[in-house]
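Below is one structure, written out as structure tokens; the observations come after it.
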Amino acid sequence: MTQTSPTTGGQGPLGKHDIAALIARDIPHGAFVNLGIGQPTLVADHLSPGSGVVLHTENGMLNMGPAASADQIDPDLTNAGKVPVTELPGAAYFHHADSFAMMRGGHLDICVLGAFQVSARGDLANWHTGAADAIPAVGGAMDLAIGAKKVFVMMTLFTRDGAPKLVSECGYPLTGLACVDRVYTDLAVFDITPDGVRVRQTFGIDVPELAARLGLPLQTGAPEHPA
Amino acid sequence: MTQTSPTTGGQGPLGKHDIAALIARDIPHGAFVNLGIGQPTLVADHLSPGSGVVLHTENGMLNMGPAASADQIDPDLTNAGKVPVTELPGAAYFHHADSFAMMRGGHLDICVLGAFQVSARGDLANWHTGAADAIPAVGGAMDLAIGAKKVFVMMTLFTRDGAPKLVSECGYPLTGLACVDRVYTDLAVFDITPDGVRVRQTFGIDVPELAARLGLPLQTGAPEHPA
Amino acid sequence: MTTRLCAHADEAVADVQDGATVLVGGFGMAGMPVALIDALIRQGATDLTVVSNNAGNGDTGLAALLAKGRVRKVICSFPRQADSWVFDGLYRAGRIELEVVPQGTLAERLRAAGAGIGAFFCPTGAGTLLAEGKEVREIDGRLHVLEYPIGGDVALIGAHRADRMGNLVYRKTARNFGPVMATAATTVVAQVREVVETGEIDPETVVTPSIFVDRVVQVADHS
Amino acid sequence: MTTRLCAHADEAVADVQDGATVLVGGFGMAGMPVALIDALIRQGATDLTVVSNNAGNGDTGLAALLAKGRVRKVICSFPRQADSWVFDGLYRAGRIELEVVPQGTLAERLRAAGAGIGAFFCPTGAGTLLAEGKEVREIDGRLHVLEYPIGGDVALIGAHRADRMGNLVYRKTARNFGPVMATAATTVVAQVREVVETGEIDPETVVTPSIFVDRVVQVADHS
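Chains as they are written, first to last, in the working numbering: chain A, 50 to 276; chain B, 50 to 276; chain C, 19 to 241; chain D, 19 to 241.
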């Protein structure tokens, strides 16, 4: 894990496991957290047993444990990605309406989501490419986007083609309006604040270059409203 | 229990236990029933163990048993009138939101309520005298009135002063609009139908006299839409 | 009314009508009422609207029902999956309608149907494609979308254990949509692994009370 | 965040602010958090809004809180009872505000606060005094009243057993408003009869998961 001051470029870019570790480090002790599906689930591997962090899976469970080993697989026990998982002491099961009530009601401290794009005011696009022949499928993405107290996004900062994914306005169909609080990427970590995008850390790139490549004004310095 | 054809007066008036027995007889096998508080709870005493009727109490229980005897009293187990009750095999407990969701969602077959007044189109008044100094208190009355598939009212047909309680328009503040299906009284049983009030049975009074005392047009003959 | 124990899944779904709206429980395979879906395929009802979290996987279960052309419309949160080729093909051929609903809103709309709620203002999806054409209102500074109930004619759910009265318990995350769908349909059919005597399920642990359950079928596990 | 086990009820309610909205569980004495109410009386917070099914009985508990003049407003379904003389006196003297809400609507408005629902259309009370001044809409041929959430700053609830993480189970009809109030307040305090080790409550039977519970106090039964 690489940590630098926001104004000097550190080693980078980070790999997805490094980003996951960075997010894990920023999750407060005892937080209730949903890791969505896909890459954000890597964050779980970096949470220490002593972290007290309780994982929520939207298919109806709190205190979800790690992925099940071959001899632990139980078809009745999966995460939201339908991967077999395990149960920790103190777990609780509940039905889908209760699970999403918990989420939408603002009881989760943090959720971590992937994204196609995040806008400078925190709009999130992560469910639909907008392609004419795409079959729309939203799952729990919109619920997660608006539900948790803090929404963290985990993504690469640029597409394979080099296009920024942190943008002034999302081009993809939105998942939620002004819902993202922080964006963890391979090149930097950003806070979305009422004053705009603030750089928390960079990895192998400096802020002026970052601003130039993103084409966005970037704030630096300590955030006024810490997450 | 006295049963007569609707057009001839039988013995009457009925006492509250006779009315309760009459209602119990009309509850189909296996029905899910709420008996509210007060007099309608007498109906439970007339349900045979083989009736398969399941009692709901809105404070969160299905398959409620009879009132607790002295050695059965458990402060954690009461009915909606806060009377200690018992639990039958196959009981289930649930919280208040689930209990009233069950009621409002139309899952109860029958509820039996007391009333100050019922109108000819089935409006119910049973929660508030409308007196200027009365402290309003509704409890579950409005939820019960609109929730069950069939709402039965159990009451005397006239006040102590001789005023009819089955009326063309309720004078008391309403509990629910057009929600009553059948009215069991000491002098007659009535169905509230789209065509008006239909007499099912009378007790010690004939229909012309009943109509005269009520000042209401009354239908007779078999109901077109049996309850 | 009294829950009926059916000897076979075919008996439990015998009266599903053409044009019915069928709620199908399960999230992935957990809680999926496979035996009931297979029975529905044999039964032959068509022109169905299916409400379920997904739109079928592989070639069995819901996918097989779709493949037979029995489903006019799917209401779900996540139709597109790695193995949803049956749905994908029908959709691209214009042979099936799709209503995509955010997963939590799907659960809440089902709950509303079961709970007698006429409609509700929900923040999920506000400002997105899925709110298009829907009434929007700002409440406490936040945009909300007006969502209506989704009720079914029939619900097919998978539970773990029933007693003879029809009280149900589930197991782990196989609980998912079962309890809420059980409140939201006119006729509720549950497949369970085990039927026990009335009184053998602790009343504190009942998840779906018998009032919601019309028919119970015991089936071998994972069939 | 992590649930805190408090040694004494006084510690659990130490930070209740003047002007707070306090949700108080219980139906009659079943589930009534008597020790927490007594602690709140000692603590001294005033100008409170109390949300509870009733408005106090006899001279103890909620009635004692009212008698000390600490409550500005009561939101409840059924204030008037044979032994509600404290409330009755304050109300008739114009010294307390009252909002009467149908019992199921009270539960549902609390649930809405906990479930992030902005408002909901409810058939209960349509056409009655309790709908006066409220938005009404006909949905599917039936009148519905628009109802808004009721959330609290603090919830005081009585449960049966907690584990050290804060998962709660209730007992019989003492469950009543506890689970829904636990979802609806910023700070949730539960008094329980027993605290067990984490892992000793079957995860299938947890009624209020620890995520909703901030503080737990073990108290002797019926105190």
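All C-beta atoms in this analysis are idealised placements derived from N, C-alpha and C, irrespective of residue type, glycine included.
DSSP beta-bridge partners for residue i?
| i | result |
| --- | --- |
| N72(C) | F96(C) |
| T64(D) | Looking at the DSSP assignment, T64(D) forms no beta bridge with any residue, so it has no partner. |
| L173(B) | V167(B) and G225(B) |
| F201(B) | V161(B) and R231(B) |
| F207(A) | P213(A) |
| T39(C) | T67(C) |
| A48(C) | F45(C) |
Less than 8 Å separating the beta-carbons of residue i and residue j?
| i | j | result |
| --- | --- | --- |
| S95(C) | L124(C) | yes |
| L108(C) | V198(C) | no |
| R126(D) | F149(B) | Reading the sequence as shown, one finds Glu at residue 126(D) and not Arg. Their beta carbons are under 8 Å apart, which means E126(D) touches F149(B) by this criterion. |
| A117(B) | T135(B) | yes |
| G3(A) | P185(A) | Only positions 50 to 276 of chain A appear in this structure, which leaves residue 3(A) out of reach. |
| G143(D) | P120(D) | yes |
| F201(B) | I159(B) | yes |
| Q209(C) | G176(C) | yes |
| T224(A) | A174(A) | yes |
| A133(D) | G154(A) | yes |
| T21(C) | V214(C) | no |
| W176(B) | V161(B) | no |
| V232(A) | L71(A) | no |
| H78(A) | G101(A) | yes |
Excluding five sequence neighbours on each side, which residues of the same chain lie with their C-beta closer than 8 Å to the C-beta of residue i?
| i | result |
| --- | --- |
| A69(B) | Q88, P89, L91, V92, D94, H95 and M203 |
| F139(D) | R155, I157, H162, V163, L164 and E165 |
| V172(C) | V31, V34, A38, T39, V40, L41, A203, T204, T205, V206 and V207 |
| L157(A) | F81, V82, N83, H105, M151, G196, A197 and K198 |
| D28(D) | A57, R60 and Q61 |
| L193(B) | N83, G85, E107, M152, C160, L162 and V200 |
Go through its chain and collect everything with a Cβ distance to residue i's Cβ below 6 Å, but skip five positions before and after it.
| i | result |
| --- | --- |
| R88(C) | T64 and L66 |
| L174(C) | V42, P51, L54 and V207 |
| A85(D) | V104 |
| P277(B) | Because chain B in this structure spans residues 50 to 276, residue 277(B) falls outside the shown range and cannot be described. |
| D36(C) | A63, T64 and D65 |
Can you tell me the Cα-Cα spacing of residue i and residue j, whole angstroms?
| i | j | result |
| --- | --- | --- |
| G217(C) | M47(C) | 29 Å |
| I4(D) | G109(A) | Since the first and last residues shown for chain D are 19 and 241, residue 4(D) lies out of range. |
| A276(B) | I135(D) | The pLDDT assigned to A276(B) is 48, lower than 50, so where the model puts this residue is not dependable; a value taken from the coordinates is nonetheless given after this. When rounded, the distance between both Cα atoms is 37 Å. |
| G79(D) | F81(B) | 35 Å |
| L267(B) | R249(B) | 10 Å |
| E69(C) | F195(C) | Note on identity: in this sequence residue 69(C) is Val, with Glu being the wrong assignment. If I take the Cα positions, the gap works out to 11 Å. |
| G49(D) | A200(D) | 13 Å |
| L137(B) | D67(B) | 25 Å |
| F143(B) | N75(D) | 24 Å |
| Q152(B) | L147(C) | Correcting the residue identity first, residue 152(B) is Met in this sequence and not Gln. About 35 Å. |
| A180(B) | V224(D) | 46 Å |
| M180(D) | G85(A) | A quick correction: the sequence has Ala, not Met, at residue 180(D). In a straight line, the C-alpha of A180(D) is about 29 Å away from that of G85(A). |
| H26(C) | M191(B) | 42 Å |
| E107(B) | T191(D) | 10 Å |
| A73(A) | N72(C) | 31 Å |
| G44(C) | A146(A) | 13 Å |
| G170(C) | A131(C) | 9 Å |
| G112(D) | K91(D) | 11 Å |
| E258(A) | R170(A) | 21 Å |
| Q52(A) | D75(A) | Reliability fails at Q52(A), whose pLDDT of 45 lies under 50, so the model's placement of it is uncertain and no value is given. |
| D230(A) | V237(D) | 41 Å |
| A141(A) | E150(D) | 41 Å |
| D120(B) | G114(B) | 15 Å |
| P243(B) | K131(A) | 52 Å |
| R160(C) | P167(D) | 14 Å |
Excluding the 5 residues flanking residue i on each side, which residues of the same chain have their C-beta closer than 7 Å to its C-beta?
| i | result |
| --- | --- |
| K152(C) | V163 and L164 |
| P9(B) | Only positions 50 to 276 of chain B appear in this structure, which leaves residue 9(B) out of reach. |
| S168(B) | V216, S217, E218 and C219 |
| G139(A) | N112 |
Practice problem: Could I get the ranges of all uninterrupted alpha helix (DSSP H) runs contained in the region 99-186 of chain D, with 4 residues as the minimum, in chain order? | Solution: With a minimum length of 4 residues, the continuous alpha helix (DSSP H) runs that stay inside the region 99-186 of chain D are 103-110 and 121-133.
Self-check item: Every unbroken beta strand (DSSP E) inside the region 76-133 of chain B [3 residues or more]
Solution: You should have 81-83, 103-106 and 110-116.
Exercise. With 7 Å as the limit, tell me which residues of the region 123-139 of chain C have their beta carbon closer than that to any beta carbon of chain E; keep them in chain order.
Key: Looking at the structure shown, chain E is missing, and the protein chains on hand are A, B, C and D.
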